[in-house]
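Colleague: Numbering (the UniProt record's numbering), first residue to last: 1 to 464.
Just so you know, even glycine gets a beta-carbon here, dropped at the ideal spot from N, CA and C.
Keep in mind the model is a prediction, meaning the values are calculated, not measured.
1) Using 8 Å for Cβ pairs, my map puts residue 194 next to residue 288. What's the rounded Cβ distance?
2) Let me know the secondary structure DSSP gives residue 295 once reduced to three states.
3) Roughly how many angstroms separate the alpha carbons of residue 359 and residue 366, rounded to a whole number?
4) How big is the Cα-Cα spacing for residue 237 and residue 262?
5) With a cut-off of 8 Å on the beta carbons, I'd call residue 315 and residue 295 a contact; round off their distance for me.
6) For residue 450, which residues of its own chain have a beta-carbon under 7 Å away from its beta-carbon, when the five flanking residues on both sides are left out?
7) Please state if the CB of residue 129 and the CB of residue 182 are separated by a distance shorter than 7 Å.
8) Quick one: using the 10 Å Cβ neighbour count with 16 as the cut-off for buried, is residue 153 buried or exposed?
9) Is residue 47 closer than 7 Å to residue 438 when the C-beta atoms are compared?
10) In the DSSP assignment, what are the bridge partners of residue 57?
11) Any chance you could list the beta strand (DSSP E) runs of at least 3 consecutive residues sitting entirely within the segment 340-395, in chain order?
12) DSSP three-state call for residue 454: helix, strand or coil?
13) Measure the C-alpha to C-alpha separation of residue 166 and residue 89 and round it to an integer number of angstroms.
14) Looking at the strands, I want to know which residues DSSP matches up with residue 109.
15) Only counting the same chain, and skipping five residues up and downstream in sequence, which positions put a Cβ closer than 8 Å to that of residue 400?
16) Please name the residue in 444, 134, 93 whose C-alpha comes closest to that of residue 112.
17) Is residue 325 helix, strand or coil when you go by DSSP?
18) Which of the three DSSP states, helix, strand or coil, is assigned to residue 255?
19) Can you name the start and end residues of the beta strand (DSSP E) that residue 290 belongs to?
20) Using the three-state DSSP reduction, which class does residue 285 fall into: helix, strand or coil?
21) Apart from the five residues just before and just after residue 446, which ones in its own chain have a Cβ nearer than 6 Å to its Cβ?
22) Taking the beta carbon of residue 409 as the centre, do at least 16 other beta carbons fall within 10 Å, making it buried, or is it exposed?
23) Quick check: what's the CA-CA separation for residue 323 versus residue 281?
Okay, structure coming up:
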(Lines of atoms letter the chains of each structure in order from A and count residues from 1; the text may use other names and numbers.)
(Lines give C-alpha, C1' and ligand atoms only; values in the text may rest on other atoms or scores of the structure.)
Protein backbone atom coordinates (compact mmCIF):
# COMPACT_ATOMS: atom_id res chain seq x y z
CA UNK A 1 0.00 0.00 0.00
CA UNK A 2 2.85 2.41 0.80
CA UNK A 3 4.49 1.68 -2.57
CA UNK A 4 1.20 2.37 -4.35
CA UNK A 5 0.89 5.62 -2.45
CA UNK A 6 4.42 6.68 -3.47
CA UNK A 7 3.67 5.89 -7.12
CA UNK A 8 0.50 7.97 -6.98
CA UNK A 9 2.41 10.90 -5.52
CA UNK A 10 5.05 10.66 -8.25
CA UNK A 11 2.33 10.78 -10.90
CA UNK A 12 0.61 13.73 -9.24
CA UNK A 13 3.79 15.75 -8.79
CA UNK A 14 5.62 14.59 -11.92
CA UNK A 15 7.94 17.29 -13.11
CA UNK A 16 7.89 19.07 -9.78
CA UNK A 17 11.31 20.04 -8.43
CA UNK A 18 10.04 21.25 -5.04
CA UNK A 19 10.96 18.09 -3.14
CA UNK A 20 12.29 19.93 -0.10
CA UNK A 21 11.94 23.63 -0.74
CA UNK A 22 14.50 26.24 0.16
CA UNK A 23 13.04 28.30 2.97
CA UNK A 24 13.87 31.90 3.87
CA UNK A 25 12.92 33.90 6.98
CA UNK A 26 10.28 36.50 6.25
CA UNK A 27 9.12 38.10 9.50
CA UNK A 28 9.05 37.78 13.26
CA UNK A 29 6.32 39.33 15.38
CA UNK A 30 6.24 39.69 19.14
CA UNK A 31 8.37 40.98 22.02
CA UNK A 32 12.15 40.67 21.96
CA UNK A 33 12.40 40.05 25.70
CA UNK A 34 11.90 36.43 26.77
CA UNK A 35 10.35 37.53 30.06
CA UNK A 36 6.75 38.22 29.07
CA UNK A 37 3.43 37.77 30.80
CA UNK A 38 1.59 34.48 30.48
CA UNK A 39 -1.33 36.29 28.84
CA UNK A 40 0.93 37.05 25.86
CA UNK A 41 1.65 33.38 25.11
CA UNK A 42 0.36 32.35 21.67
CA UNK A 43 -2.31 29.64 21.86
CA UNK A 44 -3.49 29.25 18.23
CA UNK A 45 -2.82 30.50 14.68
CA UNK A 46 -4.92 30.15 11.53
CA UNK A 47 -4.85 31.40 7.90
CA UNK A 48 -8.13 32.30 6.22
CA UNK A 49 -9.25 30.57 3.01
CA UNK A 50 -7.05 32.57 0.62
CA UNK A 51 -4.20 33.28 3.03
CA UNK A 52 -4.66 37.05 2.91
CA UNK A 53 -5.37 37.11 6.65
CA UNK A 54 -3.60 35.35 9.51
CA UNK A 55 -5.29 35.22 12.92
CA UNK A 56 -3.30 34.70 16.12
CA UNK A 57 -4.95 34.00 19.48
CA UNK A 58 -3.27 34.17 22.88
CA UNK A 59 -3.83 33.13 26.48
CA UNK A 60 -5.12 36.60 27.34
CA UNK A 61 -8.20 36.14 25.15
CA UNK A 62 -6.94 38.50 22.46
CA UNK A 63 -6.96 37.92 18.71
CA UNK A 64 -4.55 39.74 16.40
CA UNK A 65 -5.34 39.55 12.69
CA UNK A 66 -2.48 40.19 10.27
CA UNK A 67 -3.12 41.16 6.65
CA UNK A 68 -0.82 40.29 3.78
CA UNK A 69 0.65 43.41 2.22
CA UNK A 70 -0.90 44.51 -1.06
CA UNK A 71 0.94 43.90 -4.31
CA UNK A 72 2.72 46.93 -5.73
CA UNK A 73 5.28 47.61 -8.43
CA UNK A 74 8.02 47.88 -5.82
CA UNK A 75 6.80 44.83 -3.85
CA UNK A 76 5.35 42.26 -6.28
CA UNK A 77 5.89 39.18 -4.06
CA UNK A 78 3.87 40.33 -1.02
CA UNK A 79 5.80 38.42 1.61
CA UNK A 80 4.97 40.44 4.71
CA UNK A 81 1.98 40.44 7.03
CA UNK A 82 1.05 43.60 8.94
CA UNK A 83 -1.39 44.13 11.80
CA UNK A 84 -4.93 44.51 10.46
CA UNK A 85 -6.92 44.56 13.71
CA UNK A 86 -6.53 43.56 17.36
CA UNK A 87 -9.53 42.81 19.56
CA UNK A 88 -10.47 41.06 22.79
CA UNK A 89 -12.43 37.92 21.97
CA UNK A 90 -12.97 36.34 25.41
CA UNK A 91 -12.90 37.55 28.99
CA UNK A 92 -12.19 35.46 32.11
CA UNK A 93 -15.34 34.10 33.73
CA UNK A 94 -16.31 32.20 36.85
CA UNK A 95 -18.57 29.15 37.00
CA UNK A 96 -20.40 29.64 40.29
CA UNK A 97 -22.07 26.23 40.14
CA UNK A 98 -18.74 24.41 39.98
CA UNK A 99 -16.61 27.09 41.65
CA UNK A 100 -14.22 27.05 38.70
CA UNK A 101 -12.48 29.84 36.85
CA UNK A 102 -12.94 29.80 33.08
CA UNK A 103 -9.80 30.93 31.28
CA UNK A 104 -9.98 33.52 28.54
CA UNK A 105 -7.37 31.62 26.50
CA UNK A 106 -8.26 31.22 22.81
CA UNK A 107 -8.16 27.48 22.09
CA UNK A 108 -8.93 27.58 18.37
CA UNK A 109 -9.84 29.92 15.53
CA UNK A 110 -11.67 28.93 12.35
CA UNK A 111 -12.37 31.26 9.41
CA UNK A 112 -15.60 31.19 7.43
CA UNK A 113 -15.41 31.52 3.67
CA UNK A 114 -15.88 35.08 2.54
CA UNK A 115 -19.30 35.87 1.04
CA UNK A 116 -19.31 39.68 1.24
CA UNK A 117 -16.82 42.48 1.97
CA UNK A 118 -16.70 41.47 5.64
CA UNK A 119 -14.74 38.58 7.15
CA UNK A 120 -16.16 36.14 9.72
CA UNK A 121 -14.35 33.86 12.14
CA UNK A 122 -15.20 31.48 14.97
CA UNK A 123 -13.14 31.59 18.16
CA UNK A 124 -13.45 29.51 21.30
CA UNK A 125 -12.12 29.30 24.81
CA UNK A 126 -12.83 26.41 27.19
CA UNK A 127 -16.59 26.99 27.33
CA UNK A 128 -17.86 29.53 24.80
CA UNK A 129 -17.69 29.80 21.00
CA UNK A 130 -18.12 33.22 19.41
CA UNK A 131 -18.77 34.32 15.83
CA UNK A 132 -16.99 37.57 14.96
CA UNK A 133 -17.51 39.92 12.04
CA UNK A 134 -14.50 41.91 10.86
CA UNK A 135 -15.43 44.79 8.59
CA UNK A 136 -13.94 47.96 7.14
CA UNK A 137 -15.42 51.45 7.26
CA UNK A 138 -14.21 53.99 4.72
CA UNK A 139 -17.26 56.29 4.64
CA UNK A 140 -19.45 58.03 7.19
CA UNK A 141 -22.71 59.93 7.15
CA UNK A 142 -22.82 63.61 8.14
CA UNK A 143 -25.44 66.33 8.32
CA UNK A 144 -28.13 64.74 10.48
CA UNK A 145 -31.01 66.88 11.68
CA UNK A 146 -31.49 65.56 15.22
CA UNK A 147 -27.84 64.77 16.02
CA UNK A 148 -24.61 66.62 15.43
CA UNK A 149 -21.54 65.07 13.78
CA UNK A 150 -20.37 63.71 17.15
CA UNK A 151 -23.66 61.88 17.74
CA UNK A 152 -24.92 64.28 20.43
CA UNK A 153 -28.66 64.99 20.32
CA UNK A 154 -29.40 68.56 19.28
CA UNK A 155 -32.00 70.75 20.90
CA UNK A 156 -35.14 71.03 18.79
CA UNK A 157 -35.04 74.80 19.33
CA UNK A 158 -31.71 74.98 17.50
CA UNK A 159 -33.05 73.28 14.38
CA UNK A 160 -33.95 76.05 11.96
CA UNK A 161 -33.69 74.28 8.62
CA UNK A 162 -33.96 70.82 7.13
CA UNK A 163 -30.65 69.17 6.22
CA UNK A 164 -30.10 66.20 3.92
CA UNK A 165 -27.44 63.78 5.27
CA UNK A 166 -24.47 63.20 2.99
CA UNK A 167 -21.84 60.45 2.79
CA UNK A 168 -18.20 61.52 3.14
CA UNK A 169 -15.00 59.47 2.89
CA UNK A 170 -13.07 58.80 6.08
CA UNK A 171 -9.81 57.19 7.14
CA UNK A 172 -9.95 53.39 7.04
CA UNK A 173 -11.28 51.93 10.27
CA UNK A 174 -11.45 48.17 10.90
CA UNK A 175 -14.04 46.92 13.39
CA UNK A 176 -14.59 43.54 15.08
CA UNK A 177 -18.19 42.92 16.10
CA UNK A 178 -19.50 39.86 17.98
CA UNK A 179 -22.43 38.49 15.96
CA UNK A 180 -23.23 35.26 17.82
CA UNK A 181 -22.33 33.70 21.18
CA UNK A 182 -22.67 29.91 21.53
CA UNK A 183 -22.51 28.99 25.19
CA UNK A 184 -23.84 26.76 27.99
CA UNK A 185 -23.50 23.54 25.99
CA UNK A 186 -20.26 22.01 27.30
CA UNK A 187 -19.62 20.54 30.73
CA UNK A 188 -15.97 19.90 29.93
CA UNK A 189 -13.33 22.02 28.23
CA UNK A 190 -13.73 22.60 24.49
CA UNK A 191 -10.64 21.28 22.68
CA UNK A 192 -11.61 21.88 19.05
CA UNK A 193 -14.11 23.46 16.68
CA UNK A 194 -14.59 22.59 13.01
CA UNK A 195 -16.60 24.40 10.36
CA UNK A 196 -18.60 22.30 7.92
CA UNK A 197 -18.18 22.56 4.16
CA UNK A 198 -21.73 23.96 3.96
CA UNK A 199 -20.46 27.01 5.92
CA UNK A 200 -23.64 26.89 8.01
CA UNK A 201 -22.93 24.32 10.72
CA UNK A 202 -19.94 23.59 12.92
CA UNK A 203 -18.76 21.13 15.56
CA UNK A 204 -17.53 21.89 19.05
CA UNK A 205 -15.85 19.04 20.90
CA UNK A 206 -14.88 18.59 24.53
CA UNK A 207 -13.40 15.62 26.39
CA UNK A 208 -16.57 13.51 26.28
CA UNK A 209 -19.07 15.11 23.91
CA UNK A 210 -19.37 16.64 20.45
CA UNK A 211 -22.10 19.18 19.67
CA UNK A 212 -23.44 20.31 16.31
CA UNK A 213 -24.38 23.98 15.94
CA UNK A 214 -25.93 26.19 13.29
CA UNK A 215 -24.22 29.53 12.87
CA UNK A 216 -27.58 31.34 13.01
CA UNK A 217 -28.88 29.57 16.14
CA UNK A 218 -27.29 30.26 19.52
CA UNK A 219 -29.81 28.80 21.96
CA UNK A 220 -29.81 25.23 20.65
CA UNK A 221 -27.24 22.61 19.69
CA UNK A 222 -27.43 18.89 18.98
CA UNK A 223 -25.33 16.42 20.92
CA UNK A 224 -24.14 14.00 18.22
CA UNK A 225 -21.40 12.15 20.15
CA UNK A 226 -21.46 11.25 23.83
CA UNK A 227 -18.87 8.80 25.17
CA UNK A 228 -19.48 9.50 28.84
CA UNK A 229 -20.04 6.14 30.62
CA UNK A 230 -22.71 5.74 33.34
CA UNK A 231 -19.87 5.23 35.80
CA UNK A 232 -16.91 7.57 35.30
CA UNK A 233 -14.61 4.90 36.72
CA UNK A 234 -15.21 2.96 33.50
CA UNK A 235 -13.87 5.81 31.36
CA UNK A 236 -11.01 4.53 29.17
CA UNK A 237 -10.47 7.40 26.73
CA UNK A 238 -11.35 11.01 26.01
CA UNK A 239 -11.97 12.94 22.81
CA UNK A 240 -8.94 14.98 21.74
CA UNK A 241 -10.25 16.59 18.54
CA UNK A 242 -12.97 16.63 15.89
CA UNK A 243 -12.85 17.61 12.24
CA UNK A 244 -15.42 17.85 9.43
CA UNK A 245 -14.63 16.37 6.03
CA UNK A 246 -13.65 19.21 3.65
CA UNK A 247 -16.10 18.13 0.92
CA UNK A 248 -18.71 15.73 2.34
CA UNK A 249 -20.84 17.72 4.79
CA UNK A 250 -22.24 14.56 6.40
CA UNK A 251 -18.87 13.09 7.41
CA UNK A 252 -16.67 13.96 10.36
CA UNK A 253 -13.96 12.28 12.40
CA UNK A 254 -12.90 12.50 16.01
CA UNK A 255 -9.69 11.34 17.64
CA UNK A 256 -9.10 9.95 21.10
CA UNK A 257 -6.44 9.69 23.78
CA UNK A 258 -5.93 6.02 22.84
CA UNK A 259 -4.73 6.90 19.35
CA UNK A 260 -8.01 5.83 17.75
CA UNK A 261 -9.84 7.72 14.98
CA UNK A 262 -13.56 7.24 14.39
CA UNK A 263 -15.30 8.24 11.17
CA UNK A 264 -18.99 9.09 11.57
CA UNK A 265 -21.76 9.63 9.02
CA UNK A 266 -24.60 11.87 10.17
CA UNK A 267 -26.91 10.33 7.56
CA UNK A 268 -26.91 7.03 9.43
CA UNK A 269 -28.08 8.28 12.80
CA UNK A 270 -28.75 11.52 14.65
CA UNK A 271 -26.57 10.25 17.49
CA UNK A 272 -23.19 9.19 16.10
CA UNK A 273 -22.00 7.14 19.07
CA UNK A 274 -21.72 4.24 16.65
CA UNK A 275 -19.04 5.03 14.12
CA UNK A 276 -19.12 3.81 10.53
CA UNK A 277 -15.36 3.18 10.45
CA UNK A 278 -12.60 3.02 13.05
CA UNK A 279 -8.92 3.65 12.32
CA UNK A 280 -6.51 1.99 14.70
CA UNK A 281 -2.95 0.76 14.39
CA UNK A 282 -2.14 -2.51 16.19
CA UNK A 283 0.30 -1.93 19.02
CA UNK A 284 3.77 -3.40 18.71
CA UNK A 285 4.22 -5.55 21.85
CA UNK A 286 8.01 -5.17 21.65
CA UNK A 287 7.77 -1.40 22.25
CA UNK A 288 5.11 -1.58 24.97
CA UNK A 289 5.97 0.51 28.03
CA UNK A 290 4.42 2.52 30.85
CA UNK A 291 4.26 5.55 28.54
CA UNK A 292 2.73 3.78 25.50
CA UNK A 293 -0.82 4.97 26.10
CA UNK A 294 0.25 8.53 26.86
CA UNK A 295 2.38 8.98 23.76
CA UNK A 296 -0.25 7.37 21.50
CA UNK A 297 -2.78 10.10 22.32
CA UNK A 298 -3.63 12.08 19.17
CA UNK A 299 -3.05 15.79 19.72
CA UNK A 300 -4.19 17.00 16.28
CA UNK A 301 -6.07 15.66 13.27
CA UNK A 302 -6.44 17.30 9.84
CA UNK A 303 -8.04 16.19 6.58
CA UNK A 304 -6.02 16.65 3.42
CA UNK A 305 -7.30 19.24 0.95
CA UNK A 306 -8.46 16.42 -1.33
CA UNK A 307 -10.40 14.81 1.51
CA UNK A 308 -8.94 11.37 0.88
CA UNK A 309 -6.34 11.33 3.66
CA UNK A 310 -6.11 12.26 7.32
CA UNK A 311 -3.01 13.55 9.09
CA UNK A 312 -2.62 12.85 12.80
CA UNK A 313 0.02 13.87 15.29
CA UNK A 314 0.84 11.99 18.46
CA UNK A 315 3.79 12.69 20.74
CA UNK A 316 6.45 10.99 18.62
CA UNK A 317 5.00 10.59 15.11
CA UNK A 318 3.11 12.05 12.20
CA UNK A 319 0.78 9.55 10.53
CA UNK A 320 -1.09 9.70 7.24
CA UNK A 321 -4.27 7.62 7.03
CA UNK A 322 -6.20 6.63 3.90
CA UNK A 323 -9.97 6.72 4.37
CA UNK A 324 -10.14 3.43 2.48
CA UNK A 325 -7.68 1.67 4.81
CA UNK A 326 -8.49 1.50 8.49
CA UNK A 327 -6.11 -1.13 9.90
CA UNK A 328 -2.93 0.99 9.82
CA UNK A 329 -1.61 4.31 8.50
CA UNK A 330 -0.21 4.37 4.98
CA UNK A 331 2.68 6.57 6.08
CA UNK A 332 4.42 7.11 9.42
CA UNK A 333 7.02 9.82 9.97
CA UNK A 334 9.00 9.92 13.25
CA UNK A 335 9.34 13.49 14.51
CA UNK A 336 11.71 13.25 17.46
CA UNK A 337 12.45 9.56 17.98
CA UNK A 338 15.56 10.58 19.94
CA UNK A 339 13.22 11.51 22.81
CA UNK A 340 12.04 7.95 23.34
CA UNK A 341 14.88 7.39 25.80
CA UNK A 342 13.90 10.57 27.68
CA UNK A 343 10.21 9.80 28.23
CA UNK A 344 10.70 9.42 31.98
CA UNK A 345 12.12 12.93 32.30
CA UNK A 346 9.43 14.31 29.99
CA UNK A 347 6.79 12.68 32.16
CA UNK A 348 8.19 14.27 35.29
CA UNK A 349 8.16 17.77 33.81
CA UNK A 350 4.74 17.22 32.13
CA UNK A 351 6.13 17.84 28.64
CA UNK A 352 4.88 14.40 27.59
CA UNK A 353 1.36 15.88 27.65
CA UNK A 354 2.18 18.68 25.21
CA UNK A 355 -0.23 18.91 22.27
CA UNK A 356 1.59 19.48 18.98
CA UNK A 357 -0.31 20.55 15.89
CA UNK A 358 0.29 19.50 12.29
CA UNK A 359 -0.76 20.69 8.84
CA UNK A 360 -0.70 19.91 5.13
CA UNK A 361 0.89 21.93 2.34
CA UNK A 362 -1.44 23.32 -0.38
CA UNK A 363 -0.82 20.30 -2.63
CA UNK A 364 -0.84 17.78 0.23
CA UNK A 365 2.74 16.76 -0.67
CA UNK A 366 4.48 18.27 2.36
CA UNK A 367 3.76 17.97 6.08
CA UNK A 368 4.59 20.47 8.81
CA UNK A 369 4.78 20.06 12.59
CA UNK A 370 6.76 21.31 15.57
CA UNK A 371 9.08 19.96 18.24
CA UNK A 372 11.18 21.10 21.20
CA UNK A 373 14.08 23.58 21.25
CA UNK A 374 11.94 25.75 18.92
CA UNK A 375 12.48 23.24 16.12
CA UNK A 376 10.01 22.47 13.36
CA UNK A 377 10.10 19.75 10.73
CA UNK A 378 8.96 19.78 7.10
CA UNK A 379 8.58 16.36 5.46
CA UNK A 380 8.21 15.46 1.79
CA UNK A 381 5.72 12.68 1.13
CA UNK A 382 7.22 12.13 -2.31
CA UNK A 383 10.73 11.19 -1.19
CA UNK A 384 10.07 10.77 2.57
CA UNK A 385 12.94 13.18 3.21
CA UNK A 386 12.64 15.77 5.94
CA UNK A 387 14.35 18.92 7.12
CA UNK A 388 14.55 20.31 10.65
CA UNK A 389 14.76 24.08 11.16
CA UNK A 390 15.07 26.27 14.22
CA UNK A 391 12.85 29.31 14.72
CA UNK A 392 15.12 32.06 16.05
CA UNK A 393 15.31 35.83 15.90
CA UNK A 394 18.92 35.70 14.75
CA UNK A 395 17.84 34.08 11.49
CA UNK A 396 14.71 36.21 11.13
CA UNK A 397 16.69 39.46 10.96
CA UNK A 398 18.46 38.14 7.84
CA UNK A 399 15.53 37.59 5.44
CA UNK A 400 17.70 36.95 2.38
CA UNK A 401 19.75 34.23 4.01
CA UNK A 402 18.74 30.65 3.32
CA UNK A 403 17.37 28.81 6.33
CA UNK A 404 19.84 26.06 7.17
CA UNK A 405 18.66 22.65 8.33
CA UNK A 406 19.64 21.32 11.74
CA UNK A 407 20.60 17.83 12.88
CA UNK A 408 19.68 16.50 16.31
CA UNK A 409 21.88 13.65 17.49
CA UNK A 410 23.43 12.28 20.70
CA UNK A 411 26.93 12.68 19.28
CA UNK A 412 26.55 16.25 18.06
CA UNK A 413 29.74 18.30 18.16
CA UNK A 414 29.66 21.59 20.04
CA UNK A 415 31.61 23.43 17.36
CA UNK A 416 29.06 22.58 14.66
CA UNK A 417 26.28 25.16 14.43
CA UNK A 418 24.09 22.85 12.36
CA UNK A 419 24.16 20.08 14.99
CA UNK A 420 22.22 19.96 18.27
CA UNK A 421 23.02 17.49 21.02
CA UNK A 422 20.00 15.72 22.50
CA UNK A 423 21.31 16.46 26.00
CA UNK A 424 21.20 20.22 25.36
CA UNK A 425 17.60 20.39 24.13
CA UNK A 426 15.53 23.04 25.90
CA UNK A 427 12.09 21.57 26.56
CA UNK A 428 10.74 24.93 27.73
CA UNK A 429 11.13 26.13 24.14
CA UNK A 430 8.61 24.36 21.94
CA UNK A 431 6.61 24.87 18.75
CA UNK A 432 3.09 23.64 19.38
CA UNK A 433 1.23 25.74 16.81
CA UNK A 434 1.86 25.99 13.08
CA UNK A 435 -0.07 26.89 9.93
CA UNK A 436 0.53 26.46 6.20
CA UNK A 437 -0.70 29.03 3.68
CA UNK A 438 -3.62 27.53 1.66
CA UNK A 439 -2.17 28.38 -1.77
CA UNK A 440 1.46 29.50 -1.40
CA UNK A 441 4.55 28.03 0.21
CA UNK A 442 4.38 30.30 3.24
CA UNK A 443 4.32 28.91 6.77
CA UNK A 444 3.57 30.49 10.13
CA UNK A 445 5.32 29.14 13.22
CA UNK A 446 4.50 30.11 16.80
CA UNK A 447 6.99 29.87 19.62
CA UNK A 448 5.88 30.82 23.13
CA UNK A 449 5.34 34.51 22.38
CA UNK A 450 6.74 35.11 18.89
CA UNK A 451 5.19 34.52 15.47
CA UNK A 452 7.60 33.60 12.66
CA UNK A 453 6.75 33.48 8.98
CA UNK A 454 8.88 31.73 6.37
CA UNK A 455 8.60 31.74 2.62
CA UNK A 456 9.93 29.29 0.04
CA UNK A 457 11.92 30.49 -2.91
CA UNK A 458 9.26 29.53 -5.46
CA UNK A 459 6.14 30.23 -3.40
CA UNK A 460 4.64 32.39 -6.13
CA UNK A 461 4.45 29.43 -8.50
CA UNK A 462 1.56 27.84 -6.65
CA UNK A 463 -0.83 30.74 -7.05
CA UNK A 464 0.26 31.78 -10.52
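Modeller: So, from the listed chains and residues:
1) With a contact defined as Cβ atoms closer than 8 Å, residue 194 and residue 288 miss out at about 33 Å.
2) Residue 295 falls in the helix class under three-state DSSP.
3) 9 Å
4) 13 Å
5) 4 Å
6) Closer than 7 Å at Cβ, skipping near neighbours: 28, 29, 30.
7) Yes.
8) exposed
9) yes
10) 44, 63
11) 358-360, 366-370, 375-380, 386-390
12) Residue 454: strand per DSSP, three-state reduction.
13) 34 Å
14) 123
15) 24
16) 134
17) In the structure shown, residue 325 sits in coil (DSSP, three-state: anything other than H, G, I, E or B).
18) strand
19) Unbroken run through residue 290: none, as it is neither H nor E.
20) If DSSP states are grouped into helix, strand and coil, residue 285 belongs with the helices.
21) 42, 45, 433
22) exposed
23) Straight-line Cα distance between these residues: approximately 14 Å.
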